[in-house]
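full-length UniProt numbering puts the first residue of the sequence shown at 1, with every later residue one more than the last.
Note that beta-carbon positions come from the ideal geometry of N, C-alpha and C, so glycine has one too.
Notes follow the structure.
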Amino acid sequence: MQRTLTALLGRRCVVLNRRSFQRNFAQSATARERSLNYPRFDIQPEKHGKWITAKDLQKYQPLEKGKKAEDDLVTLTGRIISKRESSAKLIFYDIMQNGEPVQVVASRGRFNGSADEFADKNRDMCRGDIASAFTGVPGKTKHGQLSVFVTKEMQVLTPCLQDIPRTGLKDPEKRFRARHLDLLVNEDSSKILRARSKIIKFIRDFLDKRDFLEVETPILSGKAGGASARPFETHAHALDMDMQLRIAPELYLKQLVIGGIDRVFEIGKQFRNEGIDADHNPEFTTCEFYQAYGNLESLMNDTEIMLSEMASAVCGSDQITTKSGQEINFRGPFQRINVIDRLSSELGTSLEFLESEDALTQLTSLCQQKGIVLTAPVTLGRVLDKLISEFIEPECLQPTFLYNHPLALSPLAKDAIDEKGRAVAARFELFVCGKEIVNAYEELNDPKEQRKRFRQQLQDRQDGDLEAPLPDIDFCDALEYALPPTAGWGMGIDRVVQLMTGATHIREVLAFPVMRPNSHANARH
Numbered sequence: 001m002q003r004t005l006t007a008l009l010g011r012r013c014v015v016l017n018r019r020s021f022q023r024n025f026a027q028s029a030t031a032r033e034r035s036l037n038y039p040r041f042d043i044q045p046e047k048h049g050k051w052i053t054a055k056d057l058q059k060y061q062p063l064e065k066g067k068k069a070e071d072d073l074v075t076l077t078g079r080i081i082s083k084r085e086s087s088a089k090l091i092f093y094d095i096m097q098n099g100e101p102v103q104v105v106a107s108r109g110r111f112n113g114s115a116d117e118f119a120d121k122n123r124d125m126c127r128g129d130i131a132s133a134f135t136g137v138p139g140k141t142k143h144g145q146l147s148v149f150v151t152k153e154m155q156v157l158t159p160c161l162q163d164i165p166r167t168g169l170k171d172p173e174k175r176f177r178a179r180h181l182d183l184l185v186n187e188d189s190s191k192i193l194r195a196r197s198k199i200i201k202f203i204r205d206f207l208d209k210r211d212f213l214e215v216e217t218p219i220l221s222g223k224a225g226g227a228s229a230r231p232f233e234t235h236a237h238a239l240d241m242d243m244q245l246r247i248a249p250e251l252y253l254k255q256l257v258i259g260g261i262d263r264v265f266e267i268g269k270q271f272r273n274e275g276i277d278a279d280h281n282p283e284f285t286t287c288e289f290y291q292a293y294g295n296l297e298s299l300m301n302d303t304e305i306m307l308s309e310m311a312s313a314v315c316g317s318d319q320i321t322t323k324s325g326q327e328i329n330f331r332g333p334f335q336r337i338n339v340i341d342r343l344s345s346e347l348g349t350s351l352e353f354l355e356s357e358d359a360l361t362q363l364t365s366l367c368q369q370k371g372i373v374l375t376a377p378v379t380l381g382r383v384l385d386k387l388i389s390e391f392i393e394p395e396c397l398q399p400t401f402l403y404n405h406p407l408a409l410s411p412l413a414k415d416a417i418d419e420k421g422r423a424v425a426a427r428f429e430l431f432v433c434g435k436e437i438v439n440a441y442e443e444l445n446d447p448k449e450q451r452k453r454f455r456q457q458l459q460d461r462q463d464g465d466l467e468a469p470l471p472d473i474d475f476c477d478a479l480e481y482a483l484p485p486t487a488g489w490g491m492g493i494d495r496v497v498q499l500m501t502g503a504t505h506i507r508e509v510l511a512f513p514v515m516r517p518n519s520h521a522n523a524r525h
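Here it is in structure tokens:
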């Protein structure tokens with residue numbers, strides 16, 4: 001019996017109580033009957049007029065109330081999001097087309113067909129059906145609503161076989177597992193993805209206007225470098241070698257600068273086999289650019305201009321309000337915090353010992369005195385990063401540049417001497433709402449010093465820091481061909497989209513975030 005029902009339904013059977021089973025069987029049987037016809041989309045101008053979009057329809061806004069453009073035959077397609085029967089002879093449809101709603105009016109008096117045909121056509125039209133082809137004339141109702149008034153054709157091109165919820169999905173698990181359904185019922189989800197596209201286009205245009213060349217570098221390589229993170233690993237059978245997904249494109253991009261491409265950028269995916277939370281996803285998107293003969297001041301200036309113009313383009317103003325009510329002002333100049341000075345103040349010491357051999361011992365002792373809990377592996381870079389997150393990052397609600405980092409935090413950055421004669425990294429980070437948005441520095445171009453720092457990273461890895469990358473000898477060899485003084489800049493695009501749209505979780509700004517397998521779905525299979 002169950003096998004017979006499965007064949008009739010054409011879908012997976014679910015064990016239900018008797019009443020819900022009968023209801024679902026009736027709905028599925030009706031849906032199957034309606035699903036037998038999936039016609040091609042074949043618009044013929046002589047028969048259907050001009051196929052128009054919701055945007056095209058706006059040119060008829062000057063029409064007066066109750067007037068129609070009787071000489072303009074048009075066809076409108078989209079998904080039926082609502083159907084309202086004023087009477088058997090007058091039915092209103094709301095059609096969604098690429099995020100734009102349009103009203104369609106089907107009246108028996110204007111329809112070029114029999115009464116039975118009119119009734120049959122409208123009976124077939126159901127909420128959720130997609131690409132329903134309505135052929136008629138544009139005009140306005142007596143209340144002034146811009147609409148398409150059906151005169152010739154009404155056709156379902158793709159029936160919807162499932163019931164679309166009338167209210168938005170709230171359960172995050174359901175939303176992100178059925179992203180198609182989430183987009184259909186939650187308007188904000190679609191708005192966020194459209195804003196993401198707009199932001200990426202803005203960044204690309206911003207750099208293109210400044211003569212940067214966009215490139216694509218390998219996602220798969222023998223070793224992942226350019227950042228401290230744990231990579232995903234795989235195996236290439238054709239080469240019989242282990243490979244890794246990239247954690248950053250930095251080393252490849254700098255080799256292009258060595259090769260004579262003075263301004264280069266890449267927008268692409270990075271992969272880090274680390275934790276998942278509101279700000280982190282194993283697969284994420286960044287923009288990195290490298291500019292020969294640039295410096296930190298020029299990068300800070302460009303960052304202020306970019307974010308101010310981006311906020312204006314995406315949000316309508318360079319001042320935005322977060323969902324928590326915090327006012328964020330992207331109008332430069334941004335405030336600045338000297339990292340070493342602030343840490344020295346918080347810890348009550350000058351931190352002059354950071355260049356000594358026992359720097360880690362002294363720093364961990366200070367942390368114990370301050371009650372700061374450290375987790376393994378305990379390396380100098382990790383402890384300094386912990387201190388920054390503890391004392392400085394929470395203060396960075398407004399756009400804030402952190403600069404003058406200790407050298408141990410920046411193995412790929414040039415060193416510099418600050419105004420107090422201390423050795424610091426030529427680097428800055430931009431934080432907004434306590435989150436890192438941009439990381440930038442003047443690139444280390446001394447091959448001997450780079451090899452030395454790579455050896456220190458290897459030592460950290462041997463001491464248990466699995467995020468410390470393996471040395472990239474090929475990159476060091478490339479540096480011997482002379483990397484010009486270069487400024488490098490990286491932005492986490494997902495976080496910027498969160499910031500500009502008010503999304504509180506990174507999953508909101510990804511079309512398909514990483515999710516655990518659906519155990520219920522696996523069980524059904």
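State the start and end residues of the unbroken beta strand (DSSP E) segment that holds residue i.
i	result
PRO138	133 to 140
LEU146	146 to 155
LYS68	Element bounds for LYS68: n/a, residue is neither H nor E.
ARG79	79 to 87
GLN319	319 to 321
Whole angstroms are fine: how far does the CA of residue j sit from the CA of residue i?
i	j	result
ALA54	GLN61	12 Å
PHE149	THR75	10 Å
residue 526	PHE206	Residue numbering for the chain in the displayed model covers 1 to 525; residue 526 lies beyond these limits and cannot be assessed.
ALA26	PRO282	For ALA26, the pLDDT reaches just 49, beneath the cut-off of 50, and the residue's location in the model is therefore unreliable, although a value from the coordinates is still provided. Whole-angstrom Cα-Cα distance: 43 Å.
ALA426	GLN145	60 Å
MET500	LYS65	39 Å
PRO101	ASP302	39 Å
CYS396	LEU458	33 Å
PHE134	ILE203	39 Å
CYS126	PRO165	14 Å
GLU309	ALA503	20 Å
PRO394	VAL339	13 Å
SER86	MET154	18 Å
LYS89	ARG79	22 Å
ILE247	ILE320	31 Å
GLN498	GLY325	15 Å
ASP415	GLN369	30 Å
ALA408	THR364	15 Å
ASP318	ASN329	6 Å
With DSSP as the reference, identify every bridge partner of residue i, one or two as the case may be.
i	result
THR217	DSSP lists no partner for THR217.
ILE337	LEU402
HIS235	ASP242
ARG263	GLN291
PHE431	THR400, GLU436
GLY490	GLU288, ASN439
Which two residues bound the contiguous alpha helix (DSSP H) that contains residue i?
i	result
ILE91	First-last for ILE91: 90 to 97, but that is the beta strand (DSSP E), not the alpha helix (DSSP H).
TYR252	250 to 258
ASP205	187 to 208
SER518	With the sequence shown as reference, residue 518 is identified as Asn, and Ser is not the correct amino acid for it. Premise fails: ASN518 is in no alpha helix (DSSP H) and is neither H nor E.
PRO159	Note, PRO159: premise wrong, no alpha helix (DSSP H); not H, not E.
ALA54	54 to 57
SER308	296 to 315
PRO447	447 to 462
CYS396	Taken as a continuous stretch (DSSP letters only), CYS396 belongs to no alpha helix (DSSP H), as it is neither H nor E.
SER107	Premise fails: SER107 lies in the beta strand (DSSP E), 100 to 107, not in any alpha helix (DSSP H).
MET500	493 to 501
GLU117	115 to 124
ASP385	380 to 391
Would you mind giving the Cβ-Cβ distance between residue i and residue j, rounded to the nearest angstrom? I have them listed as a contact below 8 Å.
i	j	result
ASP72	PRO138	6 Å
PHE284	PHE265	Not really, about 17 Å apart at Cβ, beyond 8 Å.
GLY225	MET241	About 17 Å separates the two Cβ atoms, so there is no contact after all.
GLU443	LEU412	7 Å
ILE267	ILE219	About 13 Å; that fails the 8 Å criterion.
GLY113	THR286	Not a contact, Cβ separation roughly 57 Å.
residue 563	GLN103	Coverage of the chain is limited to positions 1 through 525, which leaves residue 563 absent and any answer about it impossible.
ASP460	THR349	Their Cβ separation, rounded to whole angstroms, is 24 Å, which puts ASP460 and THR349 out of contact at 8 Å.
GLY492	GLU250	Their Cβ separation, rounded to whole angstroms, is 14 Å, which puts GLY492 and GLU250 out of contact at 8 Å.
ARG84	MET515	That belief does not hold up - the Cβ atoms of ARG84 and MET515 are roughly 37 Å apart, past 8 Å.
residue 542	ALA278	Within the shown structure, residues of the chain are numbered from 1 to 525, placing residue 542 beyond reach of any answer.
Please confirm whether residue i has its beta-carbon closer than 7 Å to some beta-carbon of chain D.
i	result
GLY421	Given the protein chain composition of this structure (a single chain), no chain D is represented.
The stretch 427 to 438 / the stretch 474 to 481 touching (three or more Cβ pairs under 8 Å): no
Pairs of beta-carbons, one from the stretch 225 to 236 and one from the stretch 458 to 471, closer than 8 Å: are there three or more? yes
State whether the stretch 328 to 339 contacts the stretch 397 to 404, with contact taken as three or more CB pairs (one from each stretch) at a distance under 8 Å. yes
The stretch 247 to 265 touching the stretch 480 to 494, judged by at least three CB pairs closer than 8 Å: yes
Assess, as a yes-or-no matter, whether the stretch 383 to 392 is touched by the stretch 340 to 348 under the definition of 3 or more beta carbon pairs within less than 8 Å. yes
Specify whether the stretch 508 to 519 and the stretch 189 to 197 touch according to this definition: at least 3 beta carbon pairs, one from each stretch, less than 8 Å apart. yes
Three or more C-beta pairs under 8 Å: does that hold for the stretch 417 to 424 against the stretch 357 to 371? no
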